[in-house]
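Numbering (this note's numbering), first residue to last: 2 to 243. Each residue gets a CB set at the ideal place from its N, CA and C atoms; glycine is no exception. Remarks on the structure that follows.
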């Protein structure tokens, strides 16, 4: 699908820049290592999706340049710096740029869902042929994925959203519905930001193929600590058997 593009939003894996809430419990080294592996595991999954891939990186200090991201992940990817004063402005700019360059279907996905099945991205792209927009809610009230067709894209969906609150998805959904868009709602997913989220990631994937990932290897190594923060599993969590 050469007319499709995944915009993968990432940060540089440096202490104090990623997984800061996790770091307060597991330490900066473990939190940073986890994030590095989140990104790398997701990139492996994207290899199975028939789509162009663009890594949209957030600049950060002296290490947040495109050169450093290439040194980390490799020169085989296309890199674009995120531009804008907040995450909404950055997503709007990245999506508009992709459409301006000729892509017909574009999806933005975050880097905090390492166990997300890439086949659901393929399905979302296919569904966008028939529906106007796609959105994937996260358990914390935000969303992990948003997508549009070129002819249905409304840049205003990123404006005046209460970012970093539990109302992000609700406010975004309201804008889409008010615009009369026909929506694809992807499954709710666990956006890993806290130790509770990490516990959920570990528990829901003990019998899934994700246990073979590099992220899960770190979870297994620190399982005693993670188990100290047991939570009741959401009723819609899946337990995929191989």
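- In the pairwise beta carbon analysis, the stretch 205–214 is classified as not touching the stretch 181–190: fewer than three pairs are separated by under 8 Å.
- Straight across, the Cα-Cα distance linking residue 25 with residue 18 is about 13 Å.
- The residues 104, 105 and 106, in chain order, have a CB closer than 7 Å to that of residue 4 in the same chain once the five nearest residues on each side in sequence are set aside.
- The three-state secondary structure of residue 95, taken from DSSP, is helix.
- The stretch 166–179 and the stretch 135–144 touch, with no fewer than 3 CB-CB distances between them shorter than 8 Å.
- Closest option to residue 200, judged by alpha-carbon separation, among 221, 117 and 173: 221.
- With a cut-off of 8 Å on Cβ pairs, the stretch 127–139 is not in contact with the stretch 93–102, counting fewer than three such pairs.
- Here residue 88 really is in contact with residue 164; their C-beta atoms are around 6 Å apart, less than 8 Å.
- Between residue 41 and residue 58, the gap from beta carbon to beta carbon reaches 8 Å or more.
- Boundaries of the beta strand (DSSP E) around residue 186: 184–186.
- Inclusion of residue 37 and residue 7 in the CB contact set at 8 Å is not warranted, their separation being larger than that value.
- For residue 43, the closest alpha carbon among the candidates 214, 126, 151 and 33 is that of 214.
- In this structure residue 93 is buried. Its beta-carbon is surrounded by 16 or more other beta-carbon atoms within 10 angstroms.
- In the three-state reduction of the DSSP assignment, residue 5 falls in the strand class.
- With a cutoff of 8 Å on beta-carbon distance, residue 219 and residue 35 are scored as near each other.
- If you check the CB distance, residue 27 and residue 202 do not come in under 8 Å.
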